[in-house]
Every structure is written in structure tokens, then in C-alpha cells.
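Visitor:
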Amino acid sequence: MTRTDLSNDATTMFAEGDILVIERTFSAPRELVWEMLTSPEHVARWWGPRGTTTDVARMDVRPGGVWRWINKFDGGQAAFTGEYLEVAPPHRLVRTSIFDDGHAEGPGAVETVTLEEQNGTTKVIYHTRFPSDEVLSFALSQGMSMGALEQFDRLAELLEPVA
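This note's numbering applies: residue 20 is where the sequence shown begins, and numbers increase by one.
#1: Taking the alpha carbon of ARG148 as the point to measure from, which residue in GLY162, ILE117, GLN161 and ASP79 has its own alpha carbon closest?
#2: On the DSSP bridge assignment, give the partners of SER116 in chain order.
#3: Taking 6 Å as the limit between beta carbons, can you name the residues of its chain near ALA63, skipping five residues before and five after?
#4: Suppose you measure from the CA of PRO82 to the CA of HIS146; what does that come to, to the nearest Å?
#5: Considering Cα atoms alone, identify which of GLU136, PRO59, TRP66 and GLU179 is closest to MET163.
#6: Assuming GLU130 contacts ARG111 under a Cβ cut-off of 8 Å, what Cβ separation, rounded to an integer in Å, is found between them?
#7: Indicate the three-state DSSP secondary structure (helix, strand or coil) for ALA107 in the structure shown.
#8: Alpha carbon to alpha carbon, how far is THR133 from THR44?
#9: Reducing DSSP to helix, strand and coil, say where LEU207 ends up.
#10: Is it true that the CB of PHE92 sits closer than 8 Å to the CB of THR71?
#11: Could you name the residues of the same chain whose beta carbon sits closer than 8 Å to that of THR31, not counting the 5 residues immediately before and after it, in chain order?
#12: Rounded to whole angstroms, what is the Cα-Cα separation between SER46 and GLY94?
#13: In the DSSP assignment, what residue or residues form a beta bridge with TRP88?
#14: Is the separation between the beta-carbon of PRO109 and that of GLU50 shorter than 8 Å?
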């Protein structure tokens with residue numbers, strides 16, 4: 020796969036090979052952004068595209084801990100699950116992620132989330148390595164890029180009152 024730009028005005032996103040990179044700067048301190056990314060009550064408020072709700076079924080944020088989030092939308096749901104591999108508050112989180120349709124097999128994607136503090140703002144970088152180019156292409160064909168852009172917009176909106 021050649022490099023494909025999937026950005027919008029606020030979020031940089033590109034796919035290349037089996038890698039997806041998403042970058043967004045939020046007008047909030049790193050500790051608060053970390054809390055929004057690692058707290059079940061906050062994740063439930065922003066994760067997923069607009070018009071959906073998210074049930075955080077499990078979220079044990081520690082190395083070896085398991086997470087499972089269920090995104091609900093009109094007429095259906097999509098569950099995702101994985102394991103936390105590295106947790107280094109408030110600057111780095113590494114976890115696996117796989118679509119959980121009840122038949123999930125094989126390796127999931129590995130997401131590395133880095134938070135960089137810059138003069139009172141926080142740059143969040145998601146670097147995700149998918150099991151293959153084909154798996155990433157399939158995820159993108161299912162609307163993943165639109166959903167990711169919208170969820171970062173939703174997170175920014177939750178952080179606005181403190182900015």
C-alpha cells in the first residue's frame with residue numbers, strides 16, 4: 020500500500036503498508052488527556068464515531084490487563100478487545116486491539132499511543148501496526164478512518180471546557 024492521506028483540518032492521519040498513524044494536538048495538559056484515554060467513564064464518552072455509544076465492558080489499564088469496548092449504533096454493535104502491553108503514565112500506552120466478533124483469531128493490531136506535552140497542549144500520536152496491509156485496507160474500507168477522525172473530534176470537545 021502506498022501512503023494514503025486520511026487527514027481532516029484538525030487531525031493528521033495516514034496509512035502506509037501495515038501502519039496507520041493518527042496525530043492530534045489537544046488544548047489540555049498531558050495528565051488530563053491521559054486520564055481521558057485511560058479512564059472507563061471518560062472513554063465511554065468519546066470513543067467511536069458520532070451517533071454511537073460505547074460500553075466499556077473491561078478496562079484493566081496495567082501490563083497484562085485486558086480491555087473490551089462495545090461500540091453501539093442504530094441497529095447493531097461492534098466490539099473490540101485487547102491486552103495492555105505497556106503502561107507508562109502519562110506519556111506512553113501500548114496495547115493490542117482486535118475486532119471481536121466472537122470468532123476473533125490471529126494477531127491483533129499493536130497500538131502505541133504517545134502523549135507529548137507542548138506549552139500546555141498535548142500532542143497525541145497513535146501508531147498502529149496491523150497484522151498485514153490487507154487487514155488495514157479492510158479496516159479502512161469499513162469506515163475506520165471516518166470513525167477515528169470523529170472520535171478525536173469528540174475527545175477535543177470534551178476537553179474544550181478546560182482549555
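We treat Cβ as the ideally placed atom computed from N, Cα and C, and that holds for glycine. Here the structure is a predicted model, which is why all the values come from computation and not from measurement.
Guide: From the atom records:
#1: Per the Cα distances, ILE117.
#2: According to DSSP, which records beta bridges pairwise, SER116 is partnered with ALA128.
#3: Non-local beta-carbon contacts of ALA63 in its own chain, meaning distances under 6 Å to residues more than five positions away in sequence, involve THR73 and VAL75 in chain order.
#4: Between the alpha carbons of PRO82 and HIS146 lies a distance of about 18 Å.
#5: For the residues GLU136, PRO59, TRP66 and GLU179, the minimum Cα distance to MET163 belongs to TRP66.
#6: The Cβ separation is near 11 Å, so there is no contact.
#7: Strand, per DSSP.
#8: If you take the alpha carbons of THR133 and THR44, they lie about 12 Å apart.
#9: Nothing can be reported for residue 207: it is not among the residues displayed for the chain, which extend from 20 to 182.
#10: Yes, these two residues count as a Cβ contact at 8 Å.
#11: Correct list, in chain order: VAL40, ILE41, GLU42 and ARG43.
#12: Using only the alpha carbons, I get a separation of about 35 Å.
#13: Answer is VAL75 and PHE99.
#14: Taking C-beta atoms as the reference points, PRO109 and GLU50 count as a pair closer than 8 Å.
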